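Student: Heads up: the sequence shown begins at 11 in this note's numbering, then just goes up one per residue.
So that we are looking at the same thing, I have put the structure below in structure tokens.
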Amino acid sequence: MPWKNGGGSTLEIVRQRSVDDSGYDWRLSIAQISADGPFSVFAGYSRIITVLHGDGMVLEVNGVESRALGPIQPMSFDGGAKVRCRLLGSPIEDFNLIYRHDRIQASLRWVDCHPVVVLSSVAAEVIFFNASSDAVQVTDASDGRRHELISRATLRCTNASGRRQRYSLEGTAAQVCVVELDRVG
């Protein structure tokens, strides 16, 4: 998918269409950044970005520089802000969550699932993204089903009941992104 500002392209992983057909409520994507430059403006959205590979970057958000962002160090910012990226060396690959903050409450965290990590959530949707080269086993304790999450794969779990769900992640030094999404109001 071409960037809104024409400066590159993004591989969209998954998105949730808006109920009123005005675009999307949230999306996950991966982008390649090979040069310093501005980010697209997404007014009405919030963003959480994480470097996956490369030397890292510094973001300038509305004139304020961030700390140096290395791999697996997420940063949140307003999608409507004026943002510039400065690479710290080699090109990078990043992982992005973009969501409508008036409709969606979101969180993003990275977990090291070696040997086993057990997580619980009451979120309406939980998405797992495997950023490592090794496979991860994800078990949904609500139904006992095991899912093999290969490298760069995504698993989307829906929780219509609103009850606390438990997930077990098992792997060998695998970094997994856990995204939790709920509707606001």
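Where is the CB? At the ideal position from N, CA and C, for every residue including glycine.
Since this is a predicted model, take the numbers as computed values, not measurements.
1. Express the C-alpha separation of residue 98 and residue 191 in angstroms, rounding to a whole number.
2. Given a cut-off of 9 Å, decide if residue 177 and residue 187 are closer than it, judged by their beta-carbon atoms.
3. At the level of alpha carbons, what is the spacing between residue 147 and residue 138?
4. I need the straight-line Cα distance from residue 112 to residue 85, nearest angstrom please.
5. Just the C-alpha distance for residue 184 and residue 80, rounded to the nearest angstrom, thanks.
6. Is the segment 33–44 touching the segment 88–107 in the sense that three or more CB pairs, one from each, lie closer than 8 Å?
7. Taking the CB atoms as reference points, tell me whether residue 141 and residue 181 lie closer together than 9 Å.
8. Would you tell me roughly how many angstroms separate the C-alpha atoms of residue 46 and residue 174, rounded to the nearest one?
9. If we require 3 or more residues per run, which beta strand (DSSP E) segments fall completely within the segment 83–147?
10. Return helix, strand or coil for residue 76, following the three-state DSSP convention.
11. Can you pull the DSSP bridge partners for residue 159?
12. Here's the rule I'm using: 16 or more other beta-carbon atoms within 10 Å means buried, otherwise exposed. How should residue 194 be labelled?
13. Can you tell me the Cα-Cα spacing of residue 27 and residue 132, whole angstroms?
14. Nearest CA to the CA of residue 53: which residue from 92, 76, 44?
Tutor: Here's the rundown:
1. 31 Å
2. 9 Å or more divides the Cβ of residue 187 from the Cβ of residue 177.
3. 11 Å
4. 19 Å
5. 17 Å
6. They touch, by the three-pair rule.
7. Taking 9 Å as the Cβ cut-off, residue 141 and residue 181 do not qualify as a contacting pair.
8. Whole-angstrom Cα-Cα distance: 43 Å.
9. 85–88, 93–97, 102–110, 114–122, 126–131, 135–140
10. coil
11. 146
12. Exposed, because fewer than 16 other Cβ atoms sit within 10 Å of the Cβ of residue 194.
13. 22 Å
14. Closest option to residue 53, Cα to Cα, is 92.
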